[in-house]
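Below: one structure, written as structure tokens.
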Amino acid sequence: MLHLKDIMEDRVSSLEQKLEEQSLVLGENLQMMKDKKKQNPKSPEGFIRHENADEESENLYREDNSKHGNTSHSRTFGFSPKLEFPSFDGNNPKVWMKKCLKFFNLCKISYEQRVDIASMYLVGKAESWFHIYIVGKTQVVWEEFIIDLCASINRGRIEKC
246 MLHLKDIMED
256 RVSSLEQKLE
266 EQSLVLGENL
276 QMMKDKKKQN
286 PKSPEGFIRH
296 ENADEESENL
306 YREDNSKHGN
316 TSHSRTFGFS
326 PKLEFPSFDG
336 NNPKVWMKKC
346 LKFFNLCKIS
356 YEQRVDIASM
366 YLVGKAESWF
376 HIYIVGKTQV
386 VWEEFIIDLC
396 ASINRGRIEK
406 C
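With positions in the sequence shown counted from 1, the corresponding number in the numbering used here is that position plus 245.
This is the structure in structure tokens:
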């Protein structure tokens, strides 16, 4: 029992020493940052951004990850942001199409699903147009849908913005 107590005391002592060493390093780093801020007070954090800052930051990120066993070079944070599909009422078709394509690419939506997904977010006159448009069609691909939609807008079937 006495032997176990000695081992624990040695471990605690060792940990206290490591903690003290880390506190000293932290204090030195803090002082260094304060000194840099004094040297360049106009910079937001006292540091001057230089040309290779992003590259150096990426290298540090990779080094840190490799130390922790993560060899992936991409930055993954373990979550995906919630993306909302844009609705379309017949106005600003070019903006809507660009947003749709971004959504399709980010979410890896197949070509076969694009028209079905987009049709669920048509509202007002665009939705009414689609119900007439889709009658009798079995499969409509995205490119054909966009061409027909733009043609309908140009003919005035869907009001232009």
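Even for Gly, the Cβ is constructed at its ideal location relative to N, Cα and C. Since the structure is predicted, the reported quantities are computational estimates derived from the model, not experimental observations.
Subject >> Alpha carbon of S325 to alpha carbon of K250, nearest angstrom >> reply: Cα-Cα distance, rounded: 49 Å.
Original post:
Roughly how many whole angstroms lie between the Cα atoms of G381 and G401?
Top reply: Rounded to whole angstroms, G381 to G401 spans 22 Å at the Cα level.
Subject >> Endpoints, alpha helix (DSSP H) assigned at E266 >> reply: Per DSSP, E266 is one residue of the alpha helix (DSSP H) stretching across 247-284.
Original post:
Do the CB positions of C345 and A371 come within less than 8 Å of each other?
Top reply: Result no, Cβ atoms of C345 and A371 do not sit closer than 8 Å.
Original post:
For F235, which of helix, strand or coil comes out of DSSP?
Top reply: Lying outside 246 to 406, the shown extent of the chain, residue 235 is not represented and no answer is given.
Original post:
Expressed to the nearest angstrom, what Euclidean distance is found between the alpha-carbon atoms of M365 and W387?
Top reply: Straight through space, the alpha carbons of W387 and M365 are spaced by roughly 14 Å.
**OP:** Drop a sphere of 10 angstroms on the beta-carbon of V360, count the other beta-carbons inside from all chains shown, and report buried for 16 or more, exposed for fewer.
**Re:** It counts as buried.
Original post:
Enumerated in chain order, which unbroken segments of the alpha helix (DSSP H) with a length of 4 residues or greater are wholly contained in the stretch 353-395?
Top reply: Taken in chain order, the complete alpha helix (DSSP H) segments of 4 residues or longer contained in the stretch 353-395 are 356-364, 369-379.
**OP:** Under 8 Å by Cβ, that's how I've got I398 and G335 pegged, so tell me the actual separation to the nearest angstrom.
**Re:** Rounded to whole angstroms, the Cβ separation of I398 and G335 is 7 Å, and the two are in contact under 8 Å.
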